[in-house]
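Numbering (our numbering), first residue to last: 8 to 435.
Positions of the beta carbon are idealized from the N, C-alpha and C atoms, including for glycine.
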Amino acid sequence: MPVNTNNPNKKTWLAVAENSDFPIQNIPFGVFLTRDDIVTIGTRIGDYAIDLGALHQLGYFQGIPLTEDIFLQDSLNDFISDGKKTWRAVRNRISEIFDSENLALQNNEEHKKVVLFSIDEIEMQLPVQIGDYTDFYSSREHATNVGTMFRDPENALMPNWLHIPVGYHGRSSTIIPSGTAIRRPSGQTLPKGAEKPVFGPSRLVDFELEMAFITTDANVLGEPIPIEQAEDYIFGMVLFNDWSARDIQKWEYVPLGPFLAKNFASSISPWIVTIDALEPFRVDSPLQDPKPFPYLLQTGKHSFDIHLEVAIQPENDEPTTITKSNFKYMYWTMAQQLAHHTINGCVVNSGDMMGSGTISGPTPDSYGSMLELSWQGTKPVPLNNGQTRKFIEDNDTVILTGYCENNGMHIGFGEVTTKLLPAFQFEK
Ligand code: MN
């Protein structure tokens, strides 16, 4: 089935602001609570949230093999399980329904009343029930910066890094949607020069500018996903802020890797943008030398030109953009990550989430974490209000945004916004 949704000339009968992240060419998927407190699966065009459960009940998806309750659920997992053909058929149909030439819904006031919501009268939920979460470490610039700071500038990359998409298994229970505030974590840290650790609030809370992809059921136990099929099992992408406590991380991470420094919160943007919607923005990924093993070898364009930005907003103040990066800097592609993840027969399920790792660009104004931007706190980052930041302070809000743009077409991810509250107060 062809993708009919990417035509840049296509117009919708809904009012959409110029440069909206959600033109009719985007058609992302999400889960929201309606004004009547009913949970439903939906999509978004401009500033309208569209109730797909209601559209389905009204017969607008006739001819597409869907179960009756597929959109009347509190997660996209079952829909994602239906596979790429179904995702494509549904997006093609939504694109038709809202095309300015199509009068069926456009002229039906009764139907419009139950299908359309204004974006400010709904509440976005987590789009999927995330079974497993894996975080990669696939930006060469980020890995080089961290290796330079913590180990040896001469051998910044570990010997495995150019051969393996390095990753670790994270924890899905603390993945939260945009808008959910978090607390500064407490834990053990080893102060500089000290021999014994201390306990208290982390002093080095950081964001990580990442993207994450969400998979469908892909394989059975013992069978790898071939690299050339891997993209077919990727439903779509979200913005991902993988919150990190650098001082806790430094004390705990040897020998088994990140633990409590990473599992107190990871925030995602609530609308999943599909790989089909990103097709017009395909670009080459960086040249890989040495040549990867055959099970990781790809030809063609397998990265995407996605502009990424991070802003810090102190309480009752304006935001300052502190970095601009791009998803295309990733050394390992999503397909390579997924092929590697399953090469040993590890099972990947519908709704699993894979983080890219911090996405740093080649220049200091494109680094993807405060650790790098402030170079371990030695170069404070200026804000518009005259303050500076080495790391994130209490009551700061961190805002990640991302979008693609070319040939007059703009498709975005919206934002992931998280406020950092002061640490939990322990009884004395
Ligand atoms: Mn991370």
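In chain order, what are the residues with a CB under 5 Å from some non-hydrogen atom of ligand 1?
Asp142, Glu215 and Asp249
CA-to-CA distance, Ile255 to Val261, given in whole angstroms:
To locate residue 261, count along the sequence shown from 1; it is residue 254. To locate residue 255, count along the sequence shown from 1; it is residue 248. Using only the alpha carbons, I get a separation of about 11 Å.
Between which two residues does the beta strand (DSSP E) harbouring Leu123 extend?
To locate residue 123, count along the sequence shown from 1; it is residue 116. Start and end: Leu123 to Ser125.
Complete runs of the beta strand (DSSP E) confined to the segment 257 to 281 [at least 3 residues]
273 to 275
Any idea if Asp296 is buried or exposed, counting beta-carbon neighbours within 10 angstroms, 16 or more meaning buried?
Counting from 1 along the sequence shown, the entry for residue 296 is found at position 289. Asp296 should be labelled exposed.
Which of the three DSSP states is assigned to Met461 in this structure?
The structure shown does not extend to residue 461, since the chain spans only 8 to 435, so no value can be given for it.
Whose C-beta lies closer than 8 Å to the C-beta of Phe300 among residues of the same chain, with five residues either side of it excluded?
Within the sequence shown, residue 300 is the residue found at index 293, counting from 1. Cβ neighbours of Phe300 beyond the five flanking positions: His170.
Which of helix, strand or coil DSSP assigns to Gly60
Along the sequence shown, read from residue 1 onward, the residue named residue 60 stands at position 53. It is helical.
Could you check the C-alpha separation between Ala96 and Met8 for me, to the nearest Å?
As a first step, residue 96 must be located in the sequence shown, where it is residue number 89. As a first step, residue 8 must be located in the sequence shown, where it is residue number 1. Each residue's Cα considered, the two are about 7 Å apart.
For Arg178, which residues of its own chain have a beta-carbon under 6 Å away from its beta-carbon, when the five flanking residues on both sides are left out?
The sequence position of residue 178 within the sequence shown is 171, counting from 1. Around Arg178: Asn270.
What do you get for Gly70, buried or exposed, if any count of 16 or more other CB atoms within 10 angstroms of its CB means buried?
What you label residue 70 is simply residue 63 of the sequence shown in a count that begins at 1. Flag for Gly70 reads exposed.
For Asn11, which residues in the same chain have their Cβ closer than 7 Å to its Cβ, ignoring the five residues on either side in sequence?
As a working mapping, residue 11 is identified with position 4 in the sequence shown. If we look at Asn11 and ignore the five residues flanking it on each side, its Cβ neighbours are Asn99 and Ser102.
Check whether the Cβ atoms of Phe78 and Ile31 lie closer than 7 Å to each other.
Locating residue 78 in the sequence shown gives position 71, where the first residue counts as 1. Locating residue 31 in the sequence shown gives position 24, where the first residue counts as 1. Not a contact, by the Cβ cut-off of 7 Å.
Count the other CB atoms, across all protein chains shown, that sit within 10 Å of the CB of Glu202; report buried if there are 16 or more and exposed otherwise.
Walking along the sequence shown from the start, residue 202 turns up at place 195. By the 10 Å Cβ count, Glu202 comes out exposed.
Stretch-stretch touch, CB-based, cutoff 8 Å, three pairs: the segment 226 to 238 with the segment 391 to 406:
no
Thinking Val122 and Leu62 are a contact (beta carbons under 8 Å), I'd like their distance in whole angstroms, please.
Numbered from 1 along the sequence shown, position 115 holds the residue referred to as residue 122. Numbered from 1 along the sequence shown, position 55 holds the residue referred to as residue 62. Right, the Cβ-Cβ distance comes to about 5 Å (below 8 Å), so this counts as a contact.
Taking the alpha carbon of Phe420 as the point to measure from, which residue in Asn414, Leu427 and Ile406 has its own alpha carbon closest?
For the purposes of this step, residue 420 is taken as residue 413 along the sequence shown, with counting starting at 1. Of the candidates Asn414, Leu427 and Ile406, the one whose C-alpha sits nearest the C-alpha of Phe420 is Ile406.
Nearest-angstrom Cα separation, counted from Pro287 out to Thr281:
Here residue 281 corresponds to residue number 274 of the sequence shown, with the count starting at 1. Here residue 287 corresponds to residue number 280 of the sequence shown, with the count starting at 1. Taking the straight line joining both Cα atoms gives about 12 Å.
With DSSP as the reference, identify every bridge partner of Gly49, one or two as the case may be.
Here residue 49 corresponds to residue number 42 of the sequence shown, with the count starting at 1. In DSSP, Gly49 forms a bridge with Gly37 and Asp58.
Which class does Thr181 belong to by DSSP, given the choice of helix, strand or coil?
Taking the sequence shown and counting its residues from 1, one reaches residue 181 at position 174. Note: Thr181 maps to coil in three-state DSSP.
Provide the residue span of the beta strand (DSSP E) that contains Glu108, from first to last.
The count along the sequence shown starts at 1 and reaches residue 108 at position 101. Taken as a continuous stretch (DSSP letters only), Glu108 belongs to no beta strand (DSSP E), as it is neither H nor E.
Out of curiosity, what's the CA-to-CA distance linking Val290 and Tyr336?
As a working mapping, residue 290 is identified with position 283 in the sequence shown. As a working mapping, residue 336 is identified with position 329 in the sequence shown. Approximately 10 Å, taken between the alpha carbons.
By a C-beta neighbour count over all protein chains shown, 10 Å radius and 16 as the cutoff for buried, is Gln432 buried or exposed?
Here the question's residue 432 lines up with position 425 in the sequence shown. The residue is exposed, with fewer than 16 neighbouring Cβ atoms inside 10 Å.
Identify every run of the alpha helix (DSSP H) within the segment 268 to 346, keeping only runs that are complete inside it and at least 4 residues long; order them along the chain.
282 to 285
Cα-Cα separation between Met218 and Phe311, rounded to whole angstroms:
Mapped onto the sequence shown, residue 218 falls at position 211. Mapped onto the sequence shown, residue 311 falls at position 304. Rounded to the nearest angstrom, the two C-alpha atoms are 11 Å apart.
Less than 7 Å separating the beta-carbons of Tyr410 and Asp54?
Your numbering for residue 410 matches position 403 in the sequence shown. Your numbering for residue 54 matches position 47 in the sequence shown. No; because the gap between Cβ atoms is not below 7 Å, this pair is not in contact.
Which partner residues of Gly243 appear in the DSSP bridge assignment?
For the purposes of this step, residue 243 is taken as the residue at position 236 of the sequence shown. Answer by DSSP bridge pairing, in chain order: Ile221 and Thr281.
Can you check whether the CB of Ile137 is closer than 7 Å to the CB of Ile189?
Translated into the one-based positions of the sequence shown, residue 189 becomes position 182. Translated into the one-based positions of the sequence shown, residue 137 becomes position 130. Not a contact, by the Cβ cut-off of 7 Å.
What does the Cβ neighbour count give for Val355, buried or exposed, with the cut at 16 atoms within 10 Å?
Locating residue 355 in the sequence shown gives position 348, where the first residue counts as 1. By the 10 Å Cβ count, Val355 comes out buried.
DSSP state of Ile350, grouped into three classes?
Locating residue 350 in the sequence shown gives position 343, counting from the first residue. Ile350 falls in the coil class under three-state DSSP.
Contact defined as beta carbons within less than 8 Å: I believe Trp250 pairs with Ser273. What is the distance between those atoms, to the nearest angstrom?
As a first step, residue 250 is located in the sequence shown; it is residue number 243 there, counting from the start. As a first step, residue 273 is located in the sequence shown; it is residue number 266 there, counting from the start. Yes, Trp250 and Ser273 are in contact; Cβ-Cβ is about 6 Å, under 8 Å.
Using C-beta distances below 8 Å, list every residue in its chain close to Leu304, excluding the 5 sequence neighbours before and after it, in chain order.
Translated into positions along the sequence shown, residue 304 becomes position 297. Once the five neighbours on either side are set aside, the close Cβ partners of Leu304 are Ile234 and Lys298.
Would you kindly report the start and end of the unbroken alpha helix (DSSP H) that includes Ser88?
By 1-based counting over the sequence shown, the position of residue 88 is 81. Per DSSP, Ser88 belongs to the alpha helix (DSSP H) from Asn84 to Ser88.
Using only CA atoms, which one of Asp89, Ser82, Gly60 and Ile57 lies nearest to Pro72?
Numbered from its first residue, the sequence shown carries residue 72 at position 65. That would be Asp89, whose Cα lies nearest to the Cα of Pro72.
Nearest-angstrom beta carbon gap, Val245 and Ile329 [assumed within contact, 8 Å]:
Taking the sequence shown and counting its residues from 1, one reaches residue 329 at position 322. Taking the sequence shown and counting its residues from 1, one reaches residue 245 at position 238. Not really, about 21 Å apart at Cβ, beyond 8 Å.
In angstroms with no decimal places, state the Cα-to-Cα distance between Arg210 and Ile366.
Translated into the one-based positions of the sequence shown, residue 210 becomes position 203. Translated into the one-based positions of the sequence shown, residue 366 becomes position 359. Taking the straight line joining both Cα atoms gives about 23 Å.
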